[in-house]
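Residue numbers (the numbering used here): 143 to 267.
Dropping the structure here:
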């Protein structure tokens, strides 16, 4: 069986994954507040409002599945966490950041870039 060595020690990788999970919980509340402000600013763009509502619902479900799966060491919940993160939230966040046809506010791009960074950190850890 091949052994893969990484330049980052195991305890540091686990610590970074835990920190990313804790920050994700606190970022979830900030994201809900931010999306309610954005929905009031862009209420005429129904696609953006729908995606904001979907990303908020998926974020609550994703954080719950990640914590339950991590604390109780259940593989189905962790798989659900990973699938929700990879299949639903990643494409929506990439759309929010890269779409040039809609009017994207500067703070909206900054918050979604920060959130995308934490999401990629959780997926890769």
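All C-beta atoms in this analysis are idealised placements derived from N, C-alpha and C, irrespective of residue type, glycine included. As the structure is a computational prediction, the values presented were derived from the model and not from experiment.
The segment 249-259 / the segment 209-222 touching (three or more Cβ pairs under 8 Å): Look at the beta carbons and you see the segment 249-259 not touching the segment 209-222: under three pairs across the two are nearer than 8 Å.
Residue environment, residue 201, which counts as buried when at least 16 other CB atoms sit within 10 Å: Residue 201 should be labelled buried.
Whole-number beta carbon distance between residue 175 and residue 204, since they are thought to touch under 8 Å: Approximately 18 Å separates the beta-carbon atoms of residue 204 and residue 175; this is outside 8 Å, ruling out the contact.
C-beta contact flag for residue 260 and residue 169 at 8 Å: Note that the C-beta distance between residue 260 and residue 169 is below 8 Å.
Residue 190 - containing alpha helix (DSSP H), residue span: Residues 188-213.
Straight-line Cα distance separating residue 229 from residue 85: Residue 85 lies beyond the residue range present for the chain, which begins at 143 and ends at 267; the question has no answer from this structure.
Three-state class that DSSP yields for residue 264 in the structure shown: Note: residue 264 maps to helix in three-state DSSP.
Helix, strand or coil at residue 180 [DSSP, three-state]: In the displayed model, residue 180 falls within a helix according to three-state DSSP.
Residue environment, residue 240, which counts as buried when at least 16 other CB atoms sit within 10 Å: It is exposed - the Cβ of residue 240 has fewer than 16 other Cβ atoms within 10 Å.
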